[in-house]
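Below is one structure; the comments refer to it alone.
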Amino acid sequence: MASKSSTTILCIFLLFLCLSGSSAFPNWWRKKQYQPCKRLVLYFHDIIYNGKNAKNATAAIIGEPAGANKLILAGQNHFGNLVAFDDPITIDNNLHSPPVGRAQGFYLYDRKDIFTAWVAFTFVLNTTDYQGTINFAGADPLMEKTRDISVIGGTGDFFMARGVATLMTDAFEGEVYFRLQVDIKLYECW
Amino acid sequence: MASKSSTTILCIFLLFLCLSGSSAFPNWWRKKQYQPCKRLVLYFHDIIYNGKNAKNATAAIIGEPAGANKLILAGQNHFGNLVAFDDPITIDNNLHSPPVGRAQGFYLYDRKDIFTAWVAFTFVLNTTDYQGTINFAGADPLMEKTRDISVIGGTGDFFMARGVATLMTDAFEGEVYFRLQVDIKLYECW
Amino acid sequence: MASKSSTTILCIFLLFLCLSGSSAFPNWWRKKQYQPCKRLVLYFHDIIYNGKNAKNATAAIIGEPAGANKLILAGQNHFGNLVAFDDPITIDNNLHSPPVGRAQGFYLYDRKDIFTAWVAFTFVLNTTDYQGTINFAGADPLMEKTRDISVIGGTGDFFMARGVATLMTDAFEGEVYFRLQVDIKLYECW
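If you read the sequences in order, they're chains A, B and C. Each residue of the first sequence is one higher than the one before, starting from 339 at the first, in the working numbering. Each residue of the second sequence is one higher than the one before, starting from 339 at the first, in the working numbering. Each residue of the third sequence is one higher than the one before, starting from 339 at the first, in the working numbering.
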């Protein structure tokens with residue numbers, strides 16, 4: 339009998355473990371487990387082209403609403419400006435640190451009454467620690483201190499990654515330069 | 339012997355449960371489980387800027403093909419028009435209902451011989467029930483009654499969400515206003 | 339005793355199986371399982387509008403940096419050119435094979451010092467084998483022989499798909515035509 343009871347307890351324990359990996363299990367259990375399986379904090383630096391900084395610029399306006407032009411961000415909180423970028427990524431907040439990769443993609447100012455952008459871009463990393471890409475997309479309400487966007491995929495060392503990235507504007511100078519801190523928290527790692 | 343047999347049966351049952359959560363298990367078993375873990379049906383309203391409706395417009399043409407302009411959608415089924423939007427989201431189909439959030443992103447008319455768009459946007463929800471964002475992307479063949487796009491991620495109450503959203507054009511008025519019903523079915527909820 | 343030991347072994351084996359499906363299990367075990375659950379190799383064909391090929395063109399420049407126009411790709415490695423496309427997909431590398439679907443979306447040249455693009459598009463497939471859509475996004479450094487982007491979602495026969503797609507430029511003719519091979523490897527199939 340002792341043997342049978344202990345077996346039953348073991349089996350119930352195993353059943354519990356099985357269920358904890360399935361969607362049938364209640365959320366309160368799963369919520370406890372949300373530690374990132376991988377985390378990186380990186381910075382990227384955006385210098386927008388204004389007609390006078392061709393050499394240093396890393397970004398350019400490529401779409402704008404009626405009545406606007408491509409050398410000055412549009413009125414109404416830049417609503418309708420589409421900006422393509424190829425920005426250096428650094429591990430600290432110094433623009434002149436050796437880049438560990440490039441942030442490539444676009445941002446789109448998409449609101450008239452407040453600064454808000456929609457972003458989609460890729461971190462192309464090429465360091466001794468990491469080789470691969472991380473793909474991001476989401477809304478970036480710039481005026482909030484921190485904003486969460488989605489990590490929608492990855493390749494190489496970030497194969498099949500998913501997660502959340504928290505953006506924080508670390509610095510900006512007028513409308514020409516800004517620096518974003520990106521706190522990348524991956525919750526699916528393969 | 340009785341003890342051993344019943345243990346074996348229990349173990350086989352557990353094995354079955356384990357496998358049902360892994361990719362080794364046949365699809366017919368897994369297909370049966372496709373009930374959304376979360377579902378929302380919402381509406382959003384798009385009023386495109388045409389040069390005369392600056393006050394009400396929620397969207398604007400910001401890219402167009404050669405020969406077109408930014409106040410009139412282009413010929414050839416608007417092929418090449420890129421539209422940025424910041425549209426109110428409502429829980430019913432009334433434009434004047436109190437918005438529960440904003441749909442922010444863009445649509446891109448991408449076909450010459452029929453109306454078809456490619457969309458990427460975020461629902462930024464801020465209600466008593468939900469706080470967070472849902473990110474979408476996919477092809478939107480407007481002339482079909484319903485179109486499926488992907489939910490590619492989420493934040494806040496939609497942390498790490500994935501799923502499918504079914505778009506339906508609920509109403510449109512000429513080329514200035516349309517209303518989409520979005521039936522969001524999440525199949526991965528954390 | 340024999341009964342108890344064999345039960346214990348079975349239970350440990352089951353525990354092992356349970357864990358192998360959870361994030362607690364070491365990566366070396368999970369890495370071994372990375373065989374695609376679905377794989378497709380397809381081609382798509384892009385003919386960019388240059389002012390003289392309206393009938394055949396499948397793509398058009400719809401955004402460009404200051405000083406550029408919509409009929410010629412911009413200098414500096416086309417930096418800032420945004421191109422909308424609706425390209426035929428074929429199962430072999432012949433432009434004139436019967437298309438099995440359309441590749442719809444955009445590419446964005448996003449670097450000044452080398453050809454690099456950021457892409458987001460959907461394969462809309464409509465064949466006897468497959469009905470559904472596959473959504474892609476990622477960086478496409480064109481000068482490398484192969485480039486990996488993410489499969490960020492799918493619908494229909496590709497419901498909830500995730501994976502990696504390897505792009506390879508199979509042919510190009512000047513700046514008007516190119517053909518991409520897309521090797522789609524899905525690692526999450528529902």
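Don't be surprised by glycine CBs; every beta carbon is placed ideally from N, CA and C. No experiment lies behind these values; they were computed from the predicted model shown.
| query | result |
| --- | --- |
| Excluding the 5 residues preceding and the 5 following I522(C) in the sequence, name in chain order all residues of the same chain whose CB lies nearer than 6 Å to its CB. | L378 and A503 |
| Could you check what DSSP says for H616(C) in three-state terms: helix, strand or coil? | Because chain C in this structure spans residues 339 to 528, residue 616(C) falls outside the shown range and cannot be described. |
| Leaving out five residues on either side along the sequence, give the residues of the same chain with a beta carbon under 6 Å from the beta carbon of P426(A). | H383 and P437 |
| Assign Q519(B) to one of three DSSP states: helix, strand, or coil. | strand |
| For A398(C) versus F417(B), is the C-beta distance shorter than 8 Å? | yes |
| Confirm, please, whether the CB-CB distance from L446(B) to F444(C) is below 8 Å. | yes |
| Could you tell me whether any Cβ in chain C is nearer than 8 Å to the Cβ of G501(A)? | no |
| For G491(B) and F516(B), what's the separation of their Cα atoms in angstroms? | 25 Å |
| Could you list which residues in chain B have their beta carbon closer than 7 Å to that of T460(C), in chain order? | W456, G476 and A477 |
| Using the beta-carbon of each residue, which ones in chain F are nearer than 9 Å to M498(A)? | Among the chains of the structure shown, chain F does not appear; the protein chains present are A, B and C. |
| For D424(C), go through chain B and note every residue whose CB falls closer than 8 Å to its CB, in chain order. | F417, D448, R449, K450 and T454 |
| List, in chain order, every chain B residue whose beta-carbon is nearer than 7 Å to that of G401(A). | I400, G401 and L420 |
| If you reduce the DSSP assignment to three classes, tell me which class W366(C) lands in. | Below a pLDDT of 50, predicted positions are generally treated as unreliable, and W366(C), at 46, falls in that range; no measurement from the model is reported. |
| Please give the ranges of any alpha helix (DSSP H) in the region 403-466 of chain B, keeping only runs that are unbroken, at least 4 residues long and fully inside the region. | 413-416 |
| Take the Cβ of K408(C) as the centre, count every other Cβ of all protein chains shown within 10 Å, and call the residue buried at 16 or more, exposed below. | buried |
| Relative to the C-alpha of L524(A), which residue among I487(A), A412(A) and G405(A) is closest? | I487(A) |
| By Cβ distance, which residues of its chain are closer than 6 Å to Q519(A), with the 5 residues on each side in sequence left out? | Y381, M506 and D508 |
| What residue range is occupied by the uninterrupted beta strand (DSSP E) comprising E482(B)? | Where E482(B) is concerned, there is no enclosing beta strand (DSSP E), given that its DSSP letter is neither H nor E. |
| Alpha carbon to alpha carbon, what distance is there between A475(A) and A392(A)? | 28 Å |
| Report yes or no: is there a C-beta of chain A within less than 8 Å of the C-beta of A331(C)? | The displayed coordinates of chain C run from 339 to 528. Any statement about residue 331(C) would go beyond what the structure contains. |
| Using a C-beta to C-beta distance shorter than 7 Å, which residues of chain B count as neighbours of K408(C)? | P403 and A404 |
| For chain B, is any of its Cβ atoms less than 8 Å away from the one on N394(C)? | no |
| Whose Cβ in chain C lies nearer than 7 Å to the Cβ of N432(A)? | The contacting residues do not exist; N432(A) stays about 22 Å from chain C at best. |
| Within 10 angstroms of the Cβ of E402(B), are there 16 or more other Cβ atoms? Answer buried if so, exposed if not. | buried |
| Check the Cβ-Cβ distances between G512(C) and every residue of chain B, and say whether any is below 8 Å. | no |
| Which chain C residues sit within Cβ distance under 8 Å of Q442(A)? | D448, R449, T454, W456 and A477 |
| Under three-state DSSP, which class holds V514(C)? | coil |
| So N415(B) packs on D451(B), CB below 8 Å; how close in whole Å? | 7 Å |
| If we ignore side chains and look at the alpha-carbon of each, how far apart do Q469(B) and F459(C) end up? | 29 Å |
| Say whether chain C places a C-beta atom closer than 8 Å to the C-beta of T493(A). | yes |
| In this structure, does DSSP put D384(B) in helix, strand or coil? | strand |
| Taking the alpha carbon of A455(A) as the reference point, which residue from C527(B), Q442(B) and D467(B) has its own alpha carbon closest? | Q442(B) |
| Taking the alpha-carbon positions, what's the N464(B) to D430(B) distance? | 16 Å |
| Can a CB atom of chain C be found closer than 8 Å to the CB of T471(A)? | yes |
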